[in-house]
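In our numbering, the protein residues as written are 12 to 544. As structure tokens, the structure follows; a few thoughts come after it.
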């Protein structure tokens, strides 16, 4: 238990390194090692969540080399980090299981890249200082470059190169922002920085806020905020299904970083800088919802529809974070959990649905819709109905569940998350701000846009498309899709306990005294090892 905090980083690092030494032709061995690592990571994440939820002030700090936090490297496990570890573990198991029948053989070193991706994600959620956040970001992104290009193909390579260029630019902004913050504050430890912001000299405050703005810009590029997220739908639509399912959480890493740092560094104790950038997050989130909704309606392909849905979810989360209320943040965390599961499941489902469709089926569908082709009554052969194959029926039910979750329709968890975001804003007992009504309209209209787009796409994919073969789907491929959607339904059923956890997490984020105190404490608990408190 002493080393629980560092285990989610070390395990995939070792697994990926070992698999690099194994010949690519021994895919069965690599698959077994990769799945064992992913399942173990999920188990560790569940244990970490249980530990983090053990008490109101439970924060575990792991000091590498037992150096004090303001000099050395620290890893911090709290409720927020544990939640993201569990989501990453779930997506890791589901995506890897889906990849075993086909996608693992589409290119070299898939399993090693997958493990390094998990390592980067887990490290980004656990690190307690800005420099190592950059390090884990780069590990995560380097692995995602390989996964984005996995499987080759002109469209995938073109979109992958754009993705690499955009994220390299974001990494440069990350370094510039971190350097400016360090130059002013003299620290990169996030907890230490939170204690120093209020004491920054007035003449240096503008430079500190400029560095924070540049750093935030890097995070918002990764989160996909408009107009910085123009690259996201095209990139995600060309990535292989298994890779897209795990890469889709990268946008939420940007959300995580914004939420963690904004509330920690620019919270109520930040003096003159308290609340810095909150209005930008709210307005940017609303614009992102609008842009994503338009993209959802305009898309002509299922993969791009999934990519546009990522933008809608990111915009919703950014707007909720910008509201600056603990109760709203709790609802946002609930919505984040639901949307991560739904979008990942949708990416996997799309690959199965499109196996039985002809090339250009989406374009042909738009053509038929625009010009009425194929509506001639003379073509009616008198059939009253056509039997739906079992495979298509299962895929159709999965598609319907995805539509309900993504659109936020009652009674599933997507609706509960949106309701939990709006309820505190509308129950203030005072005049409701205009921004709240705009957010309400944005959430309702984005849900309507998703319903329209998903209905149109579903009708085309399952009823109106030119006849194609029934796709061959293996149990190992449909099982992770059903797992992710079932977890979305389970989140609905267990909404009470889940919302309690999210509320406690949000309260801790908005009042980070326990976090800061645990990290900056220099005392060692008796009998601890490796600098663990």
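In this text, a Cβ means the ideal position worked out from N, Cα and C, and glycines have one as well.
What residues in its chain sit with their C-beta under 7 angstroms from that of residue 427, if we drop five residues either side in the sequence? Within the same chain, residue 427 has close Cβ partners 345, 503, 506.
Does residue 532 get closer than 8 angstroms to chain D when you measure Cβ to Cβ? No chain D is part of this structure, which consists of one protein chain only.
Could you check which residue in 168, 166, 132 has the C-alpha nearest to that of residue 152? 132
Nearest-angstrom Cα separation, counted from residue 158 out to residue 125: Approximately 7 angstroms between the Cα atoms of the pair.
DSSP-derived helix/strand/coil call for residue 279: In the structure shown, residue 279 falls within a helical segment according to DSSP collapsed to helix, strand and coil.
Whose CA, out of 447, 421, 284, 265, lies closest to the CA of residue 217? 284
According to the Cβ coordinates, are residue 202 and residue 80 closer than 8 angstroms? Yes. Within cutoff.
Indicate whether residue 332 and residue 320 have their beta-carbon atoms separated by less than 8 angstroms. no
For residue 293 and residue 223, I'd like the C-alpha separation in whole angstroms. 17 angstroms
CA nearest to the CA of residue 310, picked from 244, 290, 255: 244
Note down the Cα distance separating residue 183 from residue 242, rounded to an integer number of angstroms. 17 angstroms
So residue 75 is in the alpha helix (DSSP H); what residue range does that whole segment cover? If you look at residue 75, you'll find it isn't in any alpha helix (DSSP H); DSSP assigns it neither H nor E.
Label residue 89 either buried or exposed according to how many other C-beta atoms from any shown protein chain fall within 10 Å of its C-beta, with 16 as the threshold for buried. It counts as buried.
Got a sec, what are the start and stop residues for the beta strand (DSSP E) residue 86 sits in? 85-88
Length of the line joining the Cα atoms of residue 37 and residue 111: 13 angstroms
Whole-angstrom Cβ separation of residue 416 and residue 349, contact assumed at under 8 angstroms? 6 angstroms
Is it buried or exposed for residue 92, if we count other Cβ within 10 angstroms and need 16 for buried? Looking at its Cβ environment, which holds 16 or more other Cβ atoms inside 10 Å, residue 92 is buried.
Please name the residue or residues paired with residue 140 in a DSSP beta bridge. 200
Do three or more CB pairs link the segment 40-48 to the segment 140-150 at distances below 8 angstroms? no
Helix, strand or coil for residue 12 per DSSP? coil
Is the beta carbon of residue 19 closer than 8 angstroms to that of residue 137? yes
Just the Cα atoms here: how many angstroms apart are residue 94 and residue 60? So the alpha carbons of these two residues sit roughly 6 angstroms apart.
Between 17, 270, 122, which lies nearest to residue 522 when the distance is taken from Cα to Cα? 270
Just confirm the distance between the C-beta atoms of residue 286 and residue 209, as a whole number of angstroms; I'd bet it's less than 8 angstroms. With 8 angstroms as the limit, residue 286 and residue 209 do not qualify as a contact, their Cβ atoms being about 13 angstroms apart.
Since residue 236 contacts residue 188 with CB under 8 angstroms, what's their CB separation in whole angstroms? 16 angstroms between Cβ atoms; not a contact.
Considering only residues of the same chain and omitting the five flanking positions on each side of residue 513, which have a CB-CB separation below 6 angstroms? 341, 344, 345
Proximity of residue 101 and residue 53 at Cβ, strictly below 8 angstroms: yes
In angstroms with no decimal places, state the Cα-to-Cα distance between residue 181 and residue 165. 24 angstroms
Three-state class that DSSP yields for residue 474 in the structure shown: helix
Under 6 angstroms Cβ to Cβ from residue 215, same chain only, skipping five residues before and after it: list those, please. These residues qualify, in order along the chain: 195.
If you draw a straight line from the C-alpha of residue 234 to the C-alpha of residue 458, how long is it? So the alpha carbons of these two residues sit roughly 20 angstroms apart.
As a quick exercise: from 276, 516, 327, 498, pick the residue whose alpha carbon is nearest that of residue 527. 276
How many Å lie between residue 396 and residue 441 at the Cα? Any answer about residue 396 is weak, because its pLDDT of 45 lies below 50 and its placement is not dependable; what the coordinates show is given next. If you take the alpha carbons of residue 396 and residue 441, they lie about 56 angstroms apart.
Go through its chain and collect everything with a Cβ distance to residue 289's Cβ below 6 angstroms, but skip five positions before and after it. 333, 335
Could you check where the alpha helix (DSSP H) with residue 362 kicks off and where it finishes? Counting along the chain, the alpha helix (DSSP H) containing residue 362 begins and ends at 337-365.
Distance, residue 254 Cα to residue 549 Cα: The requested residue 549 does not occur in the structure, where the chain is confined to residues 12 to 544.
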